[in-house]
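Chemist:
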Amino acid sequence: MIDVKNLEKNFGKNNEIHVLKGITETIHKGEKVVIIGPSGSGKSTFLRCLNLLEVPTKGQIFFEGEEITNPKCNINAVRQRIGMVFQHFNLFPHLTIMQNITLAPVKLKRMTKEEADKKAMALLERIGLPEKANAYPQQLSGGQKQRIAIVRALCMNPDVMLFDEPTSALDPEMVGEVLDVMKDLAKAGMTMAVVTHEMGFAKEVADRVLFMDEGIIAEQGTPDQIFNNPQNKRTQSFLSKVL
Amino acid sequence: MTWFNAWLERLYQTFIVADRYSVLIDGFKNTLIITFGAFLIGLFIGTVVAMIKVFADGNPKLKILDVLCNIYITVIRGTPVVVQLLIFFFIIFVSAKNGIPVAILTFGINSGAYLAETIRSGIMAIDKGQTEAGRSLGLSRMQTMTQIILPQAIKNILPAIGNEAIALLKETSVAGYVAVVDLTKAGNQIKNTTYDNINPILLIALVYLALVMIMSWLLGILERRLRKSDRR
Ligand SMILES: Nc1ncnc2c1ncn2[C@@H]1O[C@H](COP(=O)(O)OP(=O)(O)O)[C@@H](O)[C@H]1O
Ligand SMILES: [Mg+2]
Numbered sequence: 046m047i048d049v050k051n052l053e054k055n056f057g058k059n060n061e062i063h064v065l066k067g068i069t070e071t072i073h074k075g076e077k078v079v080i081i082g083p084s085g086s087g088k089s090t091f092l093r094c095l096n097l098l099e100v101p102t103k104g105q106i107f108f109e110g111e112e113i114t115n116p117k118c119n120i121n122a123v124r125q126r127i128g129m130v131f132q133h134f135n136l137f138p139h140l141t142i143m144q145n146i147t148l149a150p151v152k153l154k155r156m157t158k159e160e161a162d163k164k165a166m167a168l169l170e171r172i173g174l175p176e177k178a179n180a181y182p183q184q185l186s187g188g189q190k191q192r193i194a195i196v197r198a199l200c201m202n203p204d205v206m207l208f209d210e211p212t213s214a215l216d217p218e219m220v221g222e223v224l225d226v227m228k229d230l231a232k233a234g235m236t237m238a239v240v241t242h243e244m245g246f247a248k249e250v251a252d253r254v255l256f257m258d259e260g261i262i263a264e265q266g267t268p269d270q271i272f273n274n275p276q277n278k279r280t281q282s283f284l285s286k287v288l
Numbered sequence: 013m014t015w016f017n018a019w020l021e022r023l024y025q026t027f028i029v030a031d032r033y034s035v036l037i038d039g040f041k042n043t044l045i046i047t048f049g050a051f052l053i054g055l056f057i058g059t060v061v062a063m064i065k066v067f068a069d070g071n072p073k074l075k076i077l078d079v080l081c082n083i084y085i086t087v088i089r090g091t092p093v094v095v096q097l098l099i100f101f102f103i104i105f106v107s108a109k110n111g112i113p114v115a116i117l118t119f120g121i122n123s124g125a126y127l128a129e130t131i132r133s134g135i136m137a138i139d140k141g142q143t144e145a146g147r148s149l150g151l152s153r154m155q156t157m158t159q160i161i162l163p164q165a166i167k168n169i170l171p172a173i174g175n176e177a178i179a180l181l182k183e184t185s186v187a188g189y190v191a192v193v194d195l196t197k198a199g200n201q202i203k204n205t206t207y208d209n210i211n212p213i214l215l216i217a218l219v220y221l222a223l224v225m226i227m228s229w230l231l232g233i234l235e236r237r238l239r240k241s242d243r244r
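Chains as they are written, first to last, in this note's numbering: chain A, 46 to 288; chain B, 13 to 244.
(1) I need the straight-line Cα distance from residue 188 of chain B to residue 60 of chain B, nearest angstrom please.
(2) Quick one: does residue 147 of chain B have its CB under 8 Å from some CB of chain A?
(3) Could you give the C-beta distance for residue 151 of chain B and residue 164 of chain B, rounded to a whole number, given that I count them as a contact under 8 Å?
(4) If we call anything under 8 Å between Cβ atoms a contact, is residue 82 of chain A one with residue 256 of chain A?
(5) Assign residue 276 of chain A to buried or exposed, taking buried as 16 or more other Cβ atoms, counted over all protein chains shown, within 10 Å of its Cβ.
(6) Going by alpha carbons, who is nearest to residue 157 of chain B out of B:148, B:211, B:143 and B:149?
(7) List the residues of chain A that residue 160 of chain B touches, going by C-beta distances under 7 Å, in chain order.
(8) If distances are taken between C-alpha atoms only, which option among A:278, A:169, A:271 and A:150 comes closest to residue 193 of chain A?
(9) With a 10 Å radius around its C-beta and 16 neighbouring C-beta atoms as the bar for buried, classify residue 181 of chain A as buried or exposed.
(10) Using a Cβ-Cβ cut-off of less than 9 Å, give me the residues of the stretch 165–194 of chain A that come near chain B, in sequence order.
(11) For residue 237 of chain B, count neighbouring Cβ atoms within 10 angstroms of its own Cβ and tell me buried if that reaches 16, exposed if not.
(12) Got a sec: does ligand 1 put a non-hydrogen atom nearer than 7 Å to the Cβ of residue 59 of chain B?
(13) Note down, in chain order, each residue of its chain lying with its Cβ closer than 7 Å to the Cβ of residue 125 of chain B, except the 5 sequence neighbours on either side.
(14) With DSSP run on the structure shown, which of helix, strand or coil describes residue 105 of chain A?
(15) Ignoring anything shorter than 4 residues or poking outside the stretch 141–178 of chain A, list the alpha helix (DSSP H) runs there in chain order.
(16) Just tell me which of A:126, A:120, A:261 and A:251 has its CA closest to the CA of residue 90 of chain A.
(17) For a test of your reading of the model: does the CB of residue 240 of chain A fall under 7 Å from any non-hydrogen atom of ligand 2? Yes or no.
(18) List, in order along the chain, the chain B residues whose C-beta lies closer than 8 Å to that of residue 108 of chain A?
(19) Pairs of beta-carbons, one from the stretch 215–227 of chain A and one from the stretch 50–69 of chain A, closer than 8 Å: are there three or more?
(20) Runs of 3 residues minimum, wholly inside the stretch 127–190 of chain B: which ones carry the beta strand (DSSP E) assignment?
(21) Report the rounded CA-to-CA distance for residue 13 of chain B versus residue 209 of chain B, giving the unit in angstroms.
(22) On the DSSP bridge list, what partners appear for residue 237 of chain A?
(23) Nearest-angstrom Cα distance between residue 101 of chain B and residue 35 of chain B?
(24) Taking 8 Å as the CB-CB limit, is residue 131 of chain A close to chain E?
(25) Just the C-alpha distance for residue 177 of chain A and residue 133 of chain A, rounded to the nearest angstrom, thanks.
(26) Find out if the Cβ-Cβ distance for the pair residue 310 of chain B, residue 22 of chain B is shorter than 8 Å.
(27) Note down, one range per segment and in chain order, each beta strand (DSSP E) of at least 3 residues found wholly within the stretch 65–108 of chain B.
(28) Determine, for residue 144 of chain B, whether the minimum Cβ-Cβ distance to residues of chain A falls below 8 Å.
(29) Taking DSSP's pairing of strands, which residues face residue 63 of chain A in a bridge?
(30) Determine the extent of the alpha helix (DSSP H) in which residue 193 of chain A is found, giving its start and end residues.
(31) Taking 7 Å as the cut-off, does the CB of residue 134 of chain B come closer than this to any heavy atom belonging to ligand 1?
(32) By Cβ distance below 6 Å, which residues in the same chain neighbour residue 77 of chain A in space, the five residues on each side in sequence not counted?
(33) Quick check on residue 92 of chain A - is its C-beta less than 8 Å from some C-beta in chain B?
(34) Between the C-alpha atoms of residue 106 of chain A and residue 48 of chain B, what's the straight-line distance to the nearest angstrom?
(35) Going along the chain, which residues of its own chain have a beta-carbon closer than 7 Å to the beta-carbon of residue 42 of chain B, five neighbours each way excluded?
(36) Comparing alpha-carbon positions, which option in A:204, A:202 and A:223 lies nearest residue 211 of chain A?
Set out below in structure tokens:
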């Protein structure tokens, strides 16, 4: 579904900050990939390259066979099929929950207003927040905001969902409700790439765990391999700190 | 109370005789028309210029437009509005008979340069995450700007926009330099025909003051409403 070839990313005026140093990776349809690693290792940058929120410096990314790193690619059309959830939710504060969810599908003519409203309501029922349809983001708790952010991305019927530390900005008691929504999504067969520090979630949901360190994927494997029998010294030392 | 009666008589001579107050009413209307029209034009130009400047950041294709916008802002902010008025009326629109459309255009172009900077800073103050959320959903740059960023930016800078409208109202008082009879010019004309050097000038000062106070009051109501919607 997503093919990444020799991805490199540099930041800075003269590209002096080398953040991603050659990543080759494939994410298959229906697969749940969890990305772990120390802060600053390039996890967010990697994820954000997948929908071109960051433009790669070198390498290619293919989405369903289409090269999205080709300048001729219509990236807006591709992004409609890639949902993204951010650490800080990024709900639109001037819009109601309903408007937050339906803005993109309606403006992008994926659905009529009625269809979008109906779909949004069904999704809100699914996460148990139908009564918040006409509320504004400021009135919600962090956990509720993040669940709405997930629903907002889902309303576009994406083929894959990217999560960048979706629970890191939450109070501890709200982490569970967000992870539950993500687990449901995983069970429903969604293709997912998740950057997280929630190792329990990784063990339970991941088909594959990628350990990133200093801009490369230093080690990868099943949750069992990574958590119970890590080969790389860096992985071992990272896990000893977080587990 | 003889001085009071004398003053009333003076007012009567100055404003009522020969229906001279009608000049003031026309001038008042023209001031409102020029201010309102110029404000709309300024808001439009300011928004477009602000958007170009924001989009040009990191997009070399818009470099030329960005340079043109910078020249526009520098020239407009670097010359007095009266001079701009003279240029528009006597150099660019030489054959214009009616000064009002020229005045609306001039003040609009002038106000646009100031509003552009205000609006641009309003746009820049919106969290980058808002743009990223919009773009990640597949919305274009333009859709993200008009649907997500601008509504929030305008709301935040409403006080500054209101102040620009108030400044604009007062600035239109130089419209009389070209063939426009605005409120100030009307007062001046009455002063010249009646040799009453005091009352016409004090009257128009009071009218400007009242207008500004009304605008501030309306702005206050608007701001309080918006703030309430934040607390909802
Ligand atoms: N826009 C940027 N400009 C400059 N440096 C950046 C930018 N974004 C990320 N970086 C740098 O890239 C490195 C990796 O960042 P990031 O991908 O956010 O790491 P992670 O998500 O693993 O914590 C960090 O050192 C960070 O400072
Ligand atoms: Mg990160």
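Ideal Cβ placement from N, Cα and C applies to all residues, glycine included.
Modeler: Checking against the coordinates, here is how it stands:
(1) Looking up residue 188 of chain B in the second sequence gives position 176. Looking up residue 60 of chain B in the second sequence gives position 48. Approximately 29 Å, taken between the alpha carbons.
(2) Taking the first residue of the second sequence as 1, we reach residue 147 of chain B at position 135. Yes, residue 147 of chain B counts as interfacial toward chain A.
(3) Locating residue 151 of chain B in the second sequence gives position 139, where the first residue counts as 1. Locating residue 164 of chain B in the second sequence gives position 152, where the first residue counts as 1. 15 Å between Cβ atoms; not a contact.
(4) Mapped onto the first sequence, residue 82 of chain A falls at position 37. Mapped onto the first sequence, residue 256 of chain A falls at position 211. It is a contact, given that the beta carbons lie within the stated cut-off.
(5) For the purposes of this step, residue 276 of chain A is taken as residue 231 along the first sequence, with counting starting at 1. Residue 276 of chain A should be labelled exposed.
(6) Residue mapping note: residue 157 of chain B aligns to position 145 of the second sequence, counting from 1. Closest option to residue 157 of chain B, Cα to Cα, is B:143.
(7) By 1-based counting over the second sequence, the position of residue 160 of chain B is 148. The answer, in chain order, is 137.
(8) Taking the first sequence and counting its residues from 1, one reaches residue 193 of chain A at position 148. Considering only alpha carbons, the answer is A:169.
(9) What you label residue 181 of chain A is simply residue 136 of the first sequence in a count that begins at 1. Buried: at least 16 other Cβ atoms inside 10 Å.
(10) 180, 181, 183, 184 and 194
(11) To locate residue 237 of chain B, count along the second sequence from 1; it is residue 225. That one is exposed.
(12) As a position in the second sequence, residue 59 of chain B is number 47, starting the count at 1. Answer for residue 59 of chain B: no, Cβ out of range of ligand 1.
(13) Position 113 of the second sequence, counting from 1, holds the residue named residue 125 of chain B. Once the five neighbours on either side are set aside, the close Cβ partners of residue 125 of chain B are 84, 85, 88 and 89.
(14) To locate residue 105 of chain A, count along the first sequence from 1; it is residue 60. Correct three-state label for residue 105 of chain A: strand.
(15) 142–152 and 158–171
(16) To locate residue 90 of chain A, count along the first sequence from 1; it is residue 45. Checking every option, the nearest Cα to that of residue 90 of chain A belongs to A:261.
(17) Sequence index remark: in the first sequence, residue 240 of chain A carries index 195 (1-based). At least one heavy atom of ligand 2 lies less than 7 Å from the C-beta of residue 240 of chain A.
(18) Working through the first sequence from its first residue, we reach residue 108 of chain A at position 63. Those within 8 Å of residue 108 of chain A in chain B number zero; the least Cβ separation is about 13 Å.
(19) no
(20) none
(21) Locating residue 13 of chain B in the second sequence gives position 1, where the first residue counts as 1. Locating residue 209 of chain B in the second sequence gives position 197, where the first residue counts as 1. Rounded to the nearest angstrom, the two C-alpha atoms are 22 Å apart.
(22) If you number the first sequence from 1, residue 237 of chain A lands on position 192. A:77 and A:206, per the DSSP bridge assignment.
(23) As a working note, residue 101 of chain B is residue 89 in the second sequence. As a working note, residue 35 of chain B is residue 23 in the second sequence. Going from the Cα of residue 101 of chain B to the Cα of residue 35 of chain B covers about 22 Å.
(24) The chain inventory of the structure shown lacks chain E, comprising the protein chains A and B.
(25) Taking the first sequence and counting its residues from 1, the one referred to as residue 177 of chain A is at position 132. Taking the first sequence and counting its residues from 1, the one referred to as residue 133 of chain A is at position 88. Straight across, the Cα-Cα distance linking residue 177 of chain A with residue 133 of chain A is about 19 Å.
(26) A question about residue 310 of chain B goes unanswered here, because the residues of chain B that appear run from 13 up to 244.
(27) If we require 3 residues or more, the stretch 65–108 of chain B turns out to have no beta strand (DSSP E) run fully inside it.
(28) The residue you call residue 144 of chain B lines up with position 132 of the second sequence. For residue 144 of chain B, the answer is yes, since a Cβ of chain A falls inside 8 Å of its Cβ.
(29) As a working note, residue 63 of chain A is residue 18 in the first sequence. DSSP output for residue 63 of chain A lists A:55 as bridge partner(s).
(30) One-based indexing of the first sequence puts residue 193 of chain A at position 148. Note, residue 193 of chain A: alpha helix (DSSP H), 187–199.
(31) Within the second sequence, numbered from 1, the residue matching residue 134 of chain B stands at position 122. Outside the cutoff, so no.
(32) Sequence index remark: in the first sequence, residue 77 of chain A carries index 32 (1-based). Once the five neighbours on either side are set aside, the close Cβ partners of residue 77 of chain A are 231, 237, 250, 251 and 252.
(33) Translated into positions along the first sequence, residue 92 of chain A becomes position 47. No, its Cβ sits nowhere closer than 8 Å to a Cβ of chain B.
(34) Looking up residue 106 of chain A in the first sequence gives position 61. Looking up residue 48 of chain B in the second sequence gives position 36. Residue 106 of chain A and residue 48 of chain B: Cα-Cα distance of roughly 52 Å.
(35) Reading the second sequence from its first residue, position 30 is the one you call residue 42 of chain B. For residue 42 of chain B, where only same-chain residues beyond five positions count, the Cβ hits under 7 Å are 112, 192, 193 and 194.
(36) Here residue 211 of chain A refers to the residue found at position 166 when the first sequence is read from its first residue. Nearest of A:204, A:202 and A:223 to residue 211 of chain A, Cα basis: A:223.
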